[in-house]
Amino acid sequence: MEEKELTPQESMALIQSMIGKSRKRYSDNSFFFLLWGWIVLIASLTHFYLATYTTYEQPYIAWSLTVVGGVISGIVGARQGKNAKVRNYSDKMYGWLWFSLGMAMFTIVFNGQLINWNTVPFILLLAGVGTAVSGAMMGFKPLQFGGFAFWILAFIAFRQPENYQMLLLAFGVAIGYLVPGYIMKANFRNNGV
Numbered sequence: 036m037e038e039k040e041l042t043p044q045e046s047m048a049l050i051q052s053m054i055g056k057s058r059k060r061y062s063d064n065s066f067f068f069l070l071w072g073w074i075v076l077i078a079s080l081t082h083f084y085l086a087t088y089t090t091y092e093q094p095y096i097a098w099s100l101t102v103v104g105g106v107i108s109g110i111v112g113a114r115q116g117k118n119a120k121v122r123n124y125s126d127k128m129y130g131w132l133w134f135s136l137g138m139a140m141f142t143i144v145f146n147g148q149l150i151n152w153n154t155v156p157f158i159l160l161l162a163g164v165g166t167a168v169s170g171a172m173m174g175f176k177p178l179q180f181g182g183f184a185f186w187i188l189a190f191i192a193f194r195q196p197e198n199y200q201m202l203l204l205a206f207g208v209a210i211g212y213l214v215p216g217y218i219m220k221a222n223f224r225n226n227g228v
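What the sequence shown shows, in this note's numbering, is residues 36 to 228, in sequence order.
Printed below as a string of structure tokens:
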């Protein structure tokens, strides 16, 4: 079989088509940003409320919502993996990025007592990495902006008491996950991308 030489216009059209397909595939990930955005927002605000305005001794119980999120993410991710026609290199890297960050976050939280439960700044830093890199992989500026917001909030969180770190975390996921997630979902619904 003979290879056809592409004109510059055909090459550009092929590249744009591939980018469009990649963005469309990633836009389905709005589900995960919205799911985790809402879970972390609710858990962090509940933790803040219980720790600040009640005498309840275990405000961290709010974080049990993350178990539900993990199960839902696992089920949806497995279904998406089965339904995917083609799984390319960038899909694998995207999955490994978030798996790796999830393991790092779990390790930090599981060992939180060793750092006096000052885990939120580290979680914000890692969420910033995942969000910014995901935005760069997708060519989606709102996620990249969300990553920068997470990093700024992490810098501030290191200087705040634990209760107020929860408010910064809630604000971070609102800016870093929810806003980009809803923009991504609207783009997909309106444009298929």
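We put the CB at the ideal spot given by N, CA and C, even for glycine. Note that the structure is predicted; figures quoted are calculated from it, not measured.
Can you tell me whether residue i is helix, strand or coil according to DSSP?
i, result
"Q148", "helix"
"F134", "helix"
"N225", "helix"
"P94", "helix"
"K177", "Inspection of the sequence shows that residue 177 is occupied by Pro rather than by Lys. Helix at P177."
"T81", "helix"
"P196", "coil"
"N123", "coil"
"N118", "helix"
"T166", "helix"
"T87", "helix"
"T101", "helix"
"T154", "coil"
For residue i, is the classification buried or exposed, using 16 other Cβ atoms within 10 angstroms of its Cβ as the cut-off for buried?
i, result
"Y212", "buried"
"T154", "buried"
"M128", "exposed"
"T142", "exposed"
"Q200", "buried"
"G174", "exposed"
"L160", "buried"
Pull up the distance between the alpha-carbon of residue i and that of residue j, whole angstroms please.
i, j, result
"L80", "D126", "33 Å"
"T87", "Q93", "12 Å"
"M172", "L76", "25 Å"
"I210", "T90", "30 Å"
"D208", "A184", "It should be pointed out that residue 208 corresponds to Val in this sequence rather than to Asp. So the alpha carbons of these two residues sit roughly 9 Å apart."
"I107", "Q179", "25 Å"
"G170", "L132", "12 Å"
"L100", "F68", "15 Å"
"G147", "N198", "15 Å"
"W73", "I96", "16 Å"
"G216", "Y84", "26 Å"
"F157", "V103", "22 Å"
Of all Cβ atoms in chain B, is any one closer than 8 Å to the Cβ of residue i?
i, result
"F190", "Of the chains in the structure shown, none is chain B; there is only one protein chain."
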